[in-house]
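What follows is a set of notes on a single structure, which appears directly below.
2 protein chains.
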Amino acid sequence: MPQTSSKKKISRNTISRLSLYLRELTRLEQDGKKAISSSDLAELTDLTDTQVRKDLSHFGQFGISGTGYEVSKLKEAVRNILGKDKVLDVILIGAGNLGMALLSYPAFREQGFSIKAAFDIDTRKIGNKTSEIEICDIEKVQEFLKKDKVKIALLAVPAFSAQKITDTLVNCGIRCILNFAPIVLRVPDEVVVSNVDLSKELEVLSYFLRTAE
Amino acid sequence: MPQTSSKKKISRNTISRLSLYLRELTRLEQDGKKAISSSDLAELTDLTDTQVRKDLSHFGQFGISGTGYEVSKLKEAVRNILGKDKVLDVILIGAGNLGMALLSYPAFREQGFSIKAAFDIDTRKIGNKTSEIEICDIEKVQEFLKKDKVKIALLAVPAFSAQKITDTLVNCGIRCILNFAPIVLRVPDEVVVSNVDLSKELEVLSYFLRTAE
DNA sequence: ACTTAATTGGGAAAAATTTCACAGATAGCA
DNA sequence: TGCTATCTGTGAAATTTTTCCCAATTAAGT
Ligand SMILES: NC(=O)c1ccc[n+]([C@@H]2O[C@H](COP(=O)([O-])OP(=O)(O)OC[C@H]3O[C@@H](n4cnc5c(N)ncnc54)[C@H](O)[C@@H]3O)[C@@H](O)[C@H]2O)c1
Ligand SMILES: NC(=O)c1ccc[n+]([C@@H]2O[C@H](COP(=O)([O-])OP(=O)(O)OC[C@H]3O[C@@H](n4cnc5c(N)ncnc54)[C@H](O)[C@@H]3O)[C@@H](O)[C@H]2O)c1
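For the record, the sequence lines run as chains A and B. Okay, so the first sequence: first residue is 0 according to numbering that gives the first Met the number 0, each after it adds one. Okay, so the second sequence: first residue is 0 according to numbering that gives the first Met the number 0, each after it adds one.
Below is the structure:
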């Protein structure tokens with residue numbers, strides 16, 4: 000309702016596709032490519048040229064009729080749309096098998112995400128250090144968020160404790176959660192959750208495998 | 000075009016939601032709940048009651064007017080729709096940080112997925128054993144798939160080698176790929192790919208964080 | 001047996017998303 | 001300069017997805 004900005008609402012799928020464009024544009028720039036057409040970008044992302052143009056058109060005009068898009072200019076534009084002009088700080092909750100994989104994934108930092116802190120409840124893990132990040136006691140997360148206004152949390156704890164932690168995080172100012180636990184989190188309207196649900200993905204594959212036969 | 004089965008095409012999103020229903024129904028059954036209404040199931044999955052009923056209606060009539068759904072009956076029905084009446088065999092390609100997390104995740108087996116084999120190219124990893132699964136030389140994957148007709152692969156290799164491995168896997172009969180590498184895979188029409196793209200998810204959160212301000 | 005309340009299934013309407021189609025812009029070349 | 005190729009941006013149309021709505025069904029209470 001209080002849509003502060005003047006823009007119309009953009010769907011999550013549109014934003015997901017922008018992320019794909021950004022990835023390809025980054026590669027193209029590294030490869031020294033100067034210009035690209037919507038149909039070539041569509042080819043790279045397995046979409047259609049009109050889809051590409053329509054997606055971009057929600058945010059402005061970035062191309063030149065007859066010529067296409069300048070790679071580095073479009074890349075910057077998409078980066079800005081996605082809010083990647085600044086480094087994006089995140090915290091990690093749960094340094095188990097999955098959490099540790101996330102912590103030691105160098106591409107996050109390269110892509111402008113910075114894991115500022117990691118928290119766990121297991122005393123055997125607290126104090127360990129990986130990739131410059133020390134794992135802290137989950138009890139300290141409240142205190143941490145009072146000082147460091149991180150807005151995004153990666154949630155990699157077991158399902159049974161995910162909701163409780165979520166409530167704490169939201170209370171401490173977390174506004175976005177990337178949730179790996181197989182549970183539908185309850186959050187206030189202003190908090191955004193993305194779910195990474197591997198069982199769901201496998202079941203989708205299972206369904207299509209079955210129906211293809 | 001050659002739509003073998005008589006059914007109309009069901010969207011991926013519908014199937015994703017069925018997976019959510021299945022998860023909740025499984026919990027409800029474990030908790031001893033006998034019956035549930037579409038609106039209660041919607042509440043649990045953060046959807047609407049009409050969405051739940053419409054999704055199910057594509058596959059038959061599972062409820063009783065005025066009463067709702069019998070939990071165990073609906074659970075079985077959804078399980079069958081998703082092809083989970085049989086154990087689903089998968090292989091893992093790439094036993095790095097992420098691959099090892101997948102390998103040691105017990106919930107997959109509990110949910111009817113079975114990792115039959117794991118493959119890597121790194122000689123330091125080949126021969127190691129985790130959760131009863133020995134990591135094999137990737138060179139052996141072709142041979143393995145000749146004997147074991149596994150149809151689903153979890154692909155957790157670096158992006159630069161993902162396409163090449165994919166071509167091999169598809170040649171050897173793999174029909175579904177759960178891809179963790181940040182790349183759009185090229186596959187023939189009959190092969191289904193699901194992408195788990197964490198950077199994409201984070202960028203979606205970044206966008207919504209920015210626009211919420 | 002009758003009434004009331006709850007609930008499904010599915011056609012119809014509404015909303016959202018994708019695709020179509022084309023005017024207008026640009027570059028290359030004769 | 002004029003012609004042709006190409007390509008964008010965007011309303012309009014088509015398609016897909018979601019929501020609305022209600023007749024029909026069931027259970028429970030009186
Ligand atoms: N590992 C996988 O491949 C995989 C796949 C799909 C989904 N998941 C999901 O991801 C989540 C994490 O999986 P995992 O394999 O890393 O599990 P894990 O058990 O290895 O790690 C969970 C970690 O969370 C910590 N923890 C528990 N309660 C906590 C709390 N209240 N506060 C802070 N930390 C807490 C534990 O000490 C542990 O270190 C789970 O919800 C799991 O279902 C994992
Ligand atoms: N770790 C994360 O948190 C994370 C997050 C997002 C995406 N990803 C993606 O998931 C994939 C795996 O990530 P990771 O962190 O496990 O990387 P990793 O480097 O730890 O592991 C990759 C593994 O693949 C193996 N490999 C390389 N080429 C191979 C080949 N041709 N055949 C078989 N095995 C091969 C390597 O030996 C290594 O063991 C990557 O594409 C990465 O971009 C990882």
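Glycine residues also receive a C-beta, built at the ideal position from the N, C-alpha and C atoms. The model shown is predicted, which means the values in this text are computed figures rather than measured ones.
Can residue i be considered in contact with ligand 2, in the sense that its beta carbon sits closer than 7 Å to one or more heavy atoms?
i	result
S160/B	yes
D119/B	yes
N178/A	no
K124/B	yes
L101/A	yes
L204/B	no
N96/B	yes
L19/A	no
P181/B	yes
I137/B	yes
L184/B	no
Who are the neighbours of residue i on chain B, taking C-beta pairs under 7 Å?
i	result
T181/A	According to the sequence displayed, residue 181/A carries Pro and not Thr. Chain B residues near P181/A: R22.
T25/A	Correct list: empty, because the minimum Cβ distance to chain B is about 10 Å.
Specify, as a first and last residue, the run of the beta strand (DSSP E) that residue i falls within.
i	result
G82/A	Counting along the chain, G82/A falls outside any beta strand (DSSP E), and DSSP gives it neither H nor E.
L184/B	Here L184/B belongs to no beta strand (DSSP E), and DSSP marks it neither H nor E.
V192/A	V191 to N194
I151/A	I151 to L154
I264/B	For chain B, the structure presents residues 0 to 212; residue 264/B sits outside this window and is missing.
Going by C-alpha to C-alpha distance, which of the options sits closest to residue i?
i	options	result
K8/A	D54/A, R78/A and S18/A	D54/A
D88/A	L102/A, D119/A, K115/A and D48/A	K115/A
P181/B	I137/A, D119/A, R26/A and L197/A	R26/A
V124/A	K150/A, V70/A, A94/A and I151/A	First, the residue type needs correcting, since residue 124/A is Lys and not Val in the sequence shown. Ranking K150/A, V70/A, A94/A and I151/A by Cα distance to K124/A puts A94/A first.
V195/A	R209/A, F179/A and E202/A	F179/A
N170/B	K32/B, S38/B, A158/B and K148/B	K148/B
G67/A	R174/A, P187/A and T49/A	T49/A
L110/B	E200/A, E42/A and K128/A	The identity of residue 110/B in the sequence shown is Gln, whereas the question assumes Leu. With distances taken between Cα atoms, Q110/B lies closest to E200/A.
K32/B	D84/B, K74/B, T13/B and T47/B	K74/B
E202/A	L102/B, L208/B and V192/B	V192/B
A211/A	K150/B, K72/B, E131/B and L97/B	K150/B
Return yes when the C-beta of residue i is under 7 Å from any heavy atom of ligand 1, and no when it is not.
i	result
V156/A	yes
P105/A	no
I164/A	yes
G93/A	yes
Under 8 Å between beta-carbons, which chain B residues line up against residue i? List them in chain order, please.
i	result
E189/A	A211
K83/A	E202 and S205
At a CB-CB cut-off below 9 Å, which residues of chain B make contact with residue i?
i	result
G59/A	Within chain B, no residue comes near G59/A; the closest Cβ sits about 15 Å away, beyond 9 Å.
L43/A	V183
Which residues of chain A have a Cβ atom closer than 7 Å to the Cβ of residue i, listed in chain order?
i	result
Q110/B	S198
K170/B	According to the sequence displayed, residue 170/B carries Asn and not Lys. Here the premise fails: no neighbours, minimum Cβ distance about 17 Å.
L97/B	A100
What is the residue span of the alpha helix (DSSP H) that residue i lies within?
i	result
A41/B	S37 to T44
V203/B	L197 to A211
I14/B	R11 to Q29
Along chain A, which residues have their Cβ under 8 Å away from the Cβ of residue i?
i	result
R123/B	Within chain A, no residue comes near R123/B; the closest Cβ sits about 16 Å away, beyond 8 Å.
Whole alpha helix (DSSP H) elements within the segment 88–145 of chain A, 4-residue minimum = Fully enclosed alpha helix (DSSP H) runs of 4 or longer: 96–102 and 105–109.
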